[in-house]
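Working notes, structure below.
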Amino acid sequence: MIKIILATSNPHKTEEIDAINKNPKIVFDIVQGDFNPVEDGKNFMENAIIKAQEASRIMKTYCLADDSGLCVDALEGRPGIHSARYADTQKQKISKLLNELKEVPFEKRTAHFTCAMVLTDGNGKIIHEEEGKVFGFIDCEAKGTNGFGYDPIFYLPEYNQTIAELPEKIKNTISHRANALIPMLKWINENLL
Ligand code: ITT
């Protein structure tokens, strides 16, 4: 069995990671105490490394970080690594994005979510990295209540629904997080168990 600390203070990520993991020999736990590292990396992977290494420094064991965000093509990849800080509340973040895209026709509203995942050991050494993506469109209005963050405006043509309208079970098989975590879990199973 291996216990891995999740280097995040976002409970939605913790929930999704637990739901995606089907391996009973891999057990996730949370960082004890305050966890608020300064995410000043230049890209998703650099920020994931900052979080994983900070958690390893505190917890002295294996730590897994997820840095993720929404990249909109018509906005040159914004909000990107600034997705969490794009506006004060999630409602305001969605309104700001819809407003910035109001002149952009549907077919040009392509976007993707990215998730960079890093596993560090008890000394903060990087031992494995994975990146996952999911591609879709930014819808013209928010729809659905499942998931979190920008899910209500992220439309998947293959389901004709936003991610927030999909059952969470489906999100957890097709999301950027699943696309990074599934190979990460496979690597852990083959190399650390
Ligand atoms: P930690 O840094 O503590 O992990 P965070 O929420 O600040 O939590 P990030 O810095 O990685 O995480 O920012 C990711 C933001 O991108 C997140 O706050 C959401 O707004 C958005 N996001 C990430 N994954 C998402 C998902 O699955 N669905 C919708 N929005 C997502």
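Each residue of the sequence shown is one higher than the one before, counting from 945 in this note's numbering. Even for Gly, the Cβ is constructed at its ideal location relative to N, Cα and C.
Practice item. Pick helix, strand or coil for Lys1037, following the three-state DSSP scheme. Key: helix
**Study point:** Gly1080 burial status per 10 Å Cβ neighbour count (16 or more: buried)
**Key:** buried
Point to revise | Cβ-based neighbour list, Glu1109, same chain, cut-off 6 Å, excluding 5 preceding and 5 following | key: Lys1087, Gly1088
Check your understanding: Which residues bound the beta strand (DSSP E) around Glu1075?
Key -> 1070–1082
Practice item. Could you check what DSSP says for Met945 in three-state terms: helix, strand or coil? Key: coil
Exercise for review: Taking 7 Å as the cut-off, decide whether the C-beta atoms of Asn1116 and Ala999 are in contact.
Suggested key: no
Review point. Where Ile1126 and Asn965 are concerned, what is the direct C-alpha to C-alpha distance, given to the nearest angstrom?
Key: 8 Å
**Study point:** Start-to-end residues for the alpha helix (DSSP H) that takes in Asp1095
**Key:** Premise fails: Asp1095 is in no alpha helix (DSSP H) and is neither H nor E.
Check your understanding: Per DSSP, what kind of secondary structure is Ser1027 in: helix, strand or coil?
Key -> helix
Check your understanding: Of the residues Gln976, Tyr1030, Glu990, which one's Cα is nearest the Cα of Val982?
Key -> Glu990
Review point. Between Glu959, Ile994, Asp978, which lies nearest to Lys1069 when the distance is taken from Cα to Cα?
Key: Ile994
Practice item. Mind the definition here: the segment 1025–1033 touches the segment 1042–1054 only if three or more C-beta pairs lie below 8 Å; say whether that holds. Key: no
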